[in-house]
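Participant:
Have a look at this one:
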């Protein structure tokens, strides 16, 4: 019987053009899903006949309930090294190997670059002014300069360090905080370590670059937002659940902060009727942080290599090798 492979959440319908799938397609039927499948019930019905799922980062969750509902599923190919919304224990129990790729290092700074796009877009009112131009109008707003302002970074890892570098180039005062950040590490990255309260109270731009975990979930809460200047903006290109969404919406509606640039959300895709879509002081992008050609080419090239190895009976880059001794 023909092996069936599903490529999930290929919104731009580019997966097949970004890598050479010819050898895979000689041995299997490859079907692209360019829409999000939504509920577990919808996904289970659409995917029931497939042997392999190819995911793109964490766009579609693969919980135990979905794995249980796919009787033909034999392998999962993920992009990146981790998929936090995939139930690895369930995959392993069913004897389903999960094959990973690298992190897409060619585009590793893409998220930081997008964060600066959101910052500048907000401070210079670029989306509104551009829309006004298209409607025949002329300038209606007054922008804010980056030079001399304070950039507060929540998290100073690889991407946070890239943000610090750019902030210094813009002539900003760069400060940072995270639970384990040291003065030496902050100094080496071009920032100054401050307390969390001070960061939110004194920064003109607060940008999040911290990994989501149970410890960091909700790390930005109502009290933090209340400390911010009324002229300050918050930018989140990391993970939606880092911020108390209800508190952020309340702060934006009440004008307690000037605006927010948001690329990541508690639920993705963001529902069409979500209140964030209606707020005039929010610049929204649909999780574009990592979506650059360099990253996608690396992801799909390595996915193809993983699939070729699996089809040949010699899987590689398997993150749960214990699956081979499970599932009967």
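In the numbering used here, the protein residues as written are 1 to 328. Note that the Cβ used here is the ideal one computed from N, Cα and C, for glycine as well.
1) Three or more beta-carbon pairs under 8 angstroms between the region 294-302 and the region 86-95, yes or no?
2) Report the option in 285, 63 and 309 whose CA atom is closest to the CA atom of residue 41.
3) Residue 336 and residue 201: beta carbons closer than 9 angstroms?
4) Please report how far the alpha carbon of residue 39 lies from the alpha carbon of residue 247, in whole angstroms.
5) Report yes if the CB atom of residue 155 is closer than 9 angstroms to the CB atom of residue 209, and no otherwise.
6) Tell me the rounded alpha-carbon separation between residue 43 and residue 264.
7) Buried or exposed: residue 204, going by 16 or more other Cβ atoms within 10 Å of its Cβ?
8) Does the Cβ of residue 19 have 16 or more other Cβ atoms within 10 Å, making it buried, or fewer, making it exposed?
9) Using the beta-carbon count (16 or more within 10 Å), is residue 304 buried or exposed?
10) Taking only the alpha-carbon atoms, compute the straight-line gap between residue 319 and residue 118 and give it to the nearest angstrom.
11) By how many angstroms is the C-alpha of residue 315 removed from the C-alpha of residue 325?
12) Could you give the residue range of the beta strand (DSSP E) that holds residue 173?
13) Can you tell me whether residue 316 is helix, strand or coil according to DSSP?
14) Which one of 24, 86, 216 and 29 has the shortest CA to CA distance from residue 97?
15) Looking only at its chain, what residues have a beta carbon closer than 6 angstroms to the beta carbon of residue 100, apart from the 5 residues adjacent to it on each side?
16) Do residue 289 and residue 268 come within 9 angstroms of each other at the CB atom, strictly closer than that value?
17) Note down the Cα distance separating residue 323 from residue 130, rounded to an integer number of angstroms.
18) Does DSSP classify residue 58 as helix, strand or coil?
19) Evaluate the contact criterion for the region 8-25 versus the region 51-62: three or more CB pairs, one atom per stretch, below 8 angstroms.
20) In whole angstroms, give me the CA-to-CA distance for residue 328 and residue 309.
21) In the structure shown, what three-state DSSP assignment does residue 72 receive?
22) To the nearest angstrom, report how far apart residue 163 and residue 214 are at their CA atoms.
23) Per the DSSP calculation, residue 29 is bridged to which residue(s)?
24) Can you give me the start and stop residues for the alpha helix (DSSP H) that residue 260 sits inside?
25) Note down, in chain order, each residue of its chain lying with its Cβ closer than 7 angstroms to the Cβ of residue 124, except the 5 sequence neighbours on either side.
26) Alpha carbon to alpha carbon, how far is residue 235 from residue 174?
27) What is the residue span of the alpha helix (DSSP H) that residue 252 lies within?
28) Three-state secondary structure (DSSP) at residue 193?
29) Between residue 194 and the rest of its own chain, which residues show a CB-CB distance below 7 angstroms, the 5 nearest in sequence each way excluded?
30) Report the three-state DSSP secondary structure of residue 67 (helix, strand or coil).
31) With a 10 Å radius around its C-beta and 16 neighbouring C-beta atoms as the bar for buried, classify residue 104 as buried or exposed.
32) Going by the beta-carbon positions, is the gap between residue 148 and residue 139 smaller than 9 angstroms?
Facilitator: On the basis of the coordinates in this document:
1) no
2) Here residue 41 refers to the residue found at position 41 of the chain shown. Measuring from the Cα of residue 41, the nearest candidate turns out to be 63.
3) The displayed coordinates of the chain run from 1 to 328. Any statement about residue 336 would go beyond what the structure contains.
4) Reading the chain shown from its first residue, position 39 is the one you call residue 39. Reading the chain shown from its first residue, position 247 is the one you call residue 247. Rounded to whole angstroms, residue 39 to residue 247 spans 27 angstroms at the Cα level.
5) Counted from its first residue, the chain shown places residue 155 at position 155. Counted from its first residue, the chain shown places residue 209 at position 209. Taking 9 angstroms as the Cβ cut-off, residue 155 and residue 209 qualify as a contacting pair.
6) The sequence position of residue 43 within the chain shown is 43, counting from 1. The sequence position of residue 264 within the chain shown is 264, counting from 1. So the two alpha carbons sit approximately 22 angstroms from each other.
7) Looking up residue 204 in the chain shown gives position 204. Its Cβ being crowded by 16 or more others within 10 Å, residue 204 is buried.
8) As a working mapping, residue 19 is identified with position 19 in the chain shown. Residue 19 comes out buried.
9) For the purposes of this step, residue 304 is identified with residue 304 of the chain shown, where counting begins at 1. So residue 304 counts as buried.
10) Position 319 of the chain shown, counted from the first residue, corresponds to residue 319. Position 118 of the chain shown, counted from the first residue, corresponds to residue 118. Roughly 35 angstroms separates the two Cα atoms.
11) Here residue 325 is taken as the residue at index 325 of the chain shown, counted from 1. Here residue 315 is taken as the residue at index 315 of the chain shown, counted from 1. Answer to the nearest angstrom: the Cα atoms are 14 angstroms apart.
12) Within the chain shown, numbered from 1, the residue matching residue 173 stands at position 173. Residue 173 -> beta strand (DSSP E) spans 173-177.
13) The residue given as residue 316 occupies position 316 in the chain shown. If DSSP states are grouped into helix, strand and coil, residue 316 belongs with coil.
14) Here residue 97 refers to the residue found at position 97 when the chain shown is read from its first residue. Looking at the Cα atoms, 86 is the closest of the given residues.
15) The residue you call residue 100 lines up with position 100 of the chain shown. Within the same chain, residue 100 has close Cβ partners 78, 81, 317 and 319.
16) Within the chain shown, numbered from 1, the residue matching residue 268 stands at position 268. Within the chain shown, numbered from 1, the residue matching residue 289 stands at position 289. No; because the gap between Cβ atoms is not below 9 angstroms, this pair is not in contact.
17) In the chain shown, residue 323 corresponds to position 323, counting from 1. In the chain shown, residue 130 corresponds to position 130, counting from 1. Going from the Cα of residue 323 to the Cα of residue 130 covers about 53 angstroms.
18) Sequence index remark: in the chain shown, residue 58 carries index 58 (1-based). Looking at residue 58 - three-state DSSP - the assignment turns out to be coil, as it is neither helix nor strand.
19) yes
20) In the chain shown, counting from the first residue as 1, residue 328 sits at position 328. In the chain shown, counting from the first residue as 1, residue 309 sits at position 309. With a pLDDT of 49 at residue 328, under the threshold of 50, the predicted position of this residue should be treated as unreliable, and no value is reported.
21) Sequence index remark: in the chain shown, residue 72 carries index 72 (1-based). The answer is coil: DSSP assigns residue 72 none of H, G, I, E or B.
22) Taking the first residue of the chain shown as 1, we reach residue 163 at position 163. Taking the first residue of the chain shown as 1, we reach residue 214 at position 214. Approximately 24 angstroms between the Cα atoms of the pair.
23) Sequence index remark: in the chain shown, residue 29 carries index 29 (1-based). According to DSSP, which records beta bridges pairwise, residue 29 is partnered with 4.
24) What you label residue 260 is simply residue 260 of the chain shown in a count that begins at 1. First-last for residue 260: 259-262, but that is the beta strand (DSSP E), not the alpha helix (DSSP H).
25) On the chain shown, position 124 is the one that residue 124 refers to. So the list reads 143, once near-sequence residues are dropped.
26) What you label residue 235 is simply residue 235 of the chain shown in a count that begins at 1. What you label residue 174 is simply residue 174 of the chain shown in a count that begins at 1. Taking the straight line joining both Cα atoms gives about 15 angstroms.
27) The residue given as residue 252 occupies position 252 in the chain shown. First-last of the alpha helix (DSSP H) with residue 252: 245-253.
28) Within the chain shown, numbered from 1, the residue matching residue 193 stands at position 193. Three-state result, residue 193: strand.
29) Taking the first residue of the chain shown as position 1, residue 194 is located at position 194. Hits under 7 angstroms: 175 and 177.
30) The sequence position of residue 67 within the chain shown is 67, counting from 1. Correct three-state label for residue 67: helix.
31) Residue numbering aside, residue 104 sits at position 104 when the chain shown is read from its first letter. Residue 104 should be labelled buried.
32) The residue labelled residue 148 in the question sits at position 148 within the chain shown. The residue labelled residue 139 in the question sits at position 139 within the chain shown. The answer is no: Cβ separation not under 9 angstroms.
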